[in-house]
Amino acid sequence: MSDSHHQPRRSAATGTALLHRLAPRTLRGRLSLVALITATLLMLVLTVAFNAVAQRRLQHQADDELRARAAAVATTIDTSGTKVRVLETSHDDLLDANVWIYSGRHLLEQPPAAGPLTRVADTLAARGGQRCLTTTVHRPLRLCSHQVPGAGNRATVVTALDLSPYRSSADTLLVGSLALDALMLACTYALTRLAVGRALRPVRTMTDQATQWSATASEERFDSMHHPAELARLGTSLDALLDRIRTLLRHERQLTGELSHELRTPLSRIIAELDWWQAHPRTADQTHATHQVIADAAESMRTICDTLLDDARDGTLTAPGTAEVLPTLRRLAETLDTPSHLTLIIDGPHLTAGVPPALLERIVSPLLTNACRYARSGVTLQACHAPNGARVDVIDDGPGVPTSFARQLFEPGRRADPDDGHGGAGLGLPLARRLARSAGGDVTYDPGHTPGARFVVSLPAG
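Residue 0 is where the sequence shown starts when you use numbering that gives the first Met the number 0, and the numbers rise one by one after that.
So, in structure tokens, the structure goes:
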């Protein structure tokens with residue numbers, strides 16, 4: 000099939016895409032636009048109808064004036080004899096202006112310098128009866144014929160009237176109605192935006208409350224508030240979502256507690272075996288036995304994690320304290336098994352955070368582990384002052400977080416690519432965020448940072 004067959008489809012698709020880009024993105028803007036379009040169509044119909052009626056009314060007024068003038072002229076015509084005679088009166092100058100008098104088809108009198116209008120008057124007189132027509136000779140004119148009664152209707156009077164004043168009045172009405180339409184449409188759009196904004200204000204308030212309650216696992220709900228029926232239904236839906244979020248948070252805390260409890264025993268065995276092995280020189284067999292115990296404990300830990308995660312897939316505040324940020328970060332970096340090809344940079348001023356050092360390590364550790372896992376050549380830990388405390392940026396130059404996965408980044412047990420060859424259960428980031436929030440801070444992901452990834456740890460002031 001040739002490109003000419005595809006051209007209309009491409010043009011239609013381009014037009015549709017352009018309309019989507021130009022269309023308002025907010026509900027307030029869309030409702031205001033719909034109201035404006037509806038009001039425009041209504042005002043257009045009313046304006047056309049009003050001006051059509053006004054022009055018709057002005058034309059009737061012109062015709063009435065022409066008939067009245069023709070009737071006045073008819074009183075000066077004598078049809079009682081065998082010939083039609085025009086009588087002289089004191090008002091001949093007024094009656095003779097734009098007036099033609101005929102006896103049959105014979106023209107008895109005409110205005111001076113009538114010119115081409117006489118031919119139009121001849122045509123009306125020849126047709127007979129009461130007729131009117133509009134013509135343009137240098138200016139718009141209206142002509143009407145009037146049959147003089149008596150003597151077999153042999154006499155006909157044709158009168159003409161300049162329509163310029165009437166057209167001027169019609170144009171003035173049209174301009175005035177268009178100006179009024181523009182004012183009404185502007186008021187309609189402004190009032191619609193104001194009304195829709197006020198109507199949607201409770202929705203924005205409920206959205207902000209739902210966001211706040213979901214972050215803190217609050218037990219407050221919308222069913223205890225008085226709202227209109229539509230907002231009450233929205234509140235019911237939000238309450239159901241908040242209940243689900245609270246359930247998920249409770250499951251997350253339960254999972255974390257179970258992991259901490261279950262992993263404590265095998266971890267203690269590993270520590271005890273290492274301490275025992277390091278305390279005295281051991282033979283090769285004893286060293287092999289220690290390695291076997293550690294391997295068994297590690298396998299037990301992996302089994303516990305897998306089991307609890309499989310089951311999980313179907314907020315208490317931390318103790319107060321302060322931590323020197325840079326020394327804590329350096330100590331964390333020393334305990335981390337950093338790959339040899341990576342360069343780890345720790346930079347920033349001297350500052351303290353309002354969390355214990357151990358908690359700071361637990362918050363930053365999952366972020367630093369992920370950064371070292373996915374970085375290509377370097378990882379940067381950058382500490383700085385923030386308006387409400389301290390801030391730590393964990394930056395790597397790896398592939399970054401897929402856009403489609405960004406919303407699920409802090410959900411427990413979620414990984415962007417479980418088959419990427421890296422270990423991990425998807426618990427580190429949720430744990431870091433929850434610990435930071437429990438201390439009055441937060442952990443967020445910066446989607447605008449490229450290349451690589453940037454995670455921002457916000458902490459209260461120390």
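Backbone N, C-alpha and C fix where the C-beta goes; we use that ideal spot for every residue, glycine too.
Delimiting residues of the alpha helix (DSSP H) encompassing residue i
i: Glu87; result: Here Glu87 belongs to no alpha helix (DSSP H), and DSSP marks it neither H nor E.
i: Ser437; result: 427-437
Residue i (DSSP reduced to helix, strand or coil)
i: Pro326; result: helix
i: Gly320; result: coil
i: Gln277; result: helix
i: Asp396; result: coil
i: Gly451; result: coil
i: Gly388; result: strand
i: Thr235; result: helix
i: Ala288; result: helix
i: Ala181; result: helix
i: Gly114; result: coil
i: Thr402; result: helix
i: Arg203; result: helix
i: Leu341; result: coil
i: Gly175; result: helix
i: Ser267; result: helix
i: Thr282; result: coil
i: Glu333; result: helix
i: Glu410; result: coil
i: Arg301; result: helix
i: Glu251; result: helix
i: Arg463; result: Nothing can be reported for residue 463, as the shown portion of the chain is limited to 0 through 461.
i: Gln208; result: helix
i: Ala189; result: helix
Residue i - partner residues in DSSP beta bridges
i: Val442; result: Val456
i: Glu108; result: Ile100
i: Val195; result: Note: Val195 sits in no beta bridge, so no partner.
Start-to-end residues for the beta strand (DSSP E) that takes in residue i
i: His59; result: Premise fails: His59 lies in the alpha helix (DSSP H), 26-73, not in any beta strand (DSSP E).
i: Gly377; result: 377-385
i: Thr81; result: Premise fails: Thr81 is in no beta strand (DSSP E) and is neither H nor E.
i: Ala374; result: Neither: Ala374 is in no beta strand (DSSP E) and is coded neither H nor E.
Reference residue i; option with closest CA among the options
i: Ala113; options: Leu140, Gly103, Arg126; result: Leu140
i: Val147; options: Thr286, Thr133, Gln129; result: Gln129
i: Pro355; options: Glu251, Thr37, Gln291, Gly461; result: Gly461
i: Tyr373; options: Leu380, Ile394, Arg361; result: Ile394
i: Arg138; options: Val157, Ala96, Pro164, Arg118; result: Pro164
i: Thr133; options: Arg55, Gly399, Thr342, Thr210; result: Arg55
i: Leu173; options: Val324, Arg281, Thr210, Thr46; result: Thr46
i: Ile362; options: Leu408, Leu430, Thr337, Glu333; result: Leu430
i: Leu160; options: Val136, Val442, Ala169, Leu182; result: Val136
i: Val456; options: Glu360, Thr74, Arg203, Arg84; result: Glu360
i: Leu142; options: Ser267, Asp180, Asp62; result: Asp62
i: Val400; options: Arg375, Gly439, Asp445, Thr368; result: Asp445
i: Thr235; options: Leu248, Arg245, Arg220, Ala294; result: Arg220
(request) Would you list, in sequence order, the uninterrupted beta strand (DSSP E) runs of no fewer than 3 residues that lie entirely inside the region 343-372? (result) none
(request) Note down, one range per segment and in chain order, each alpha helix (DSSP H) of at least 4 residues found wholly within the region 116-169. (result) 116-126
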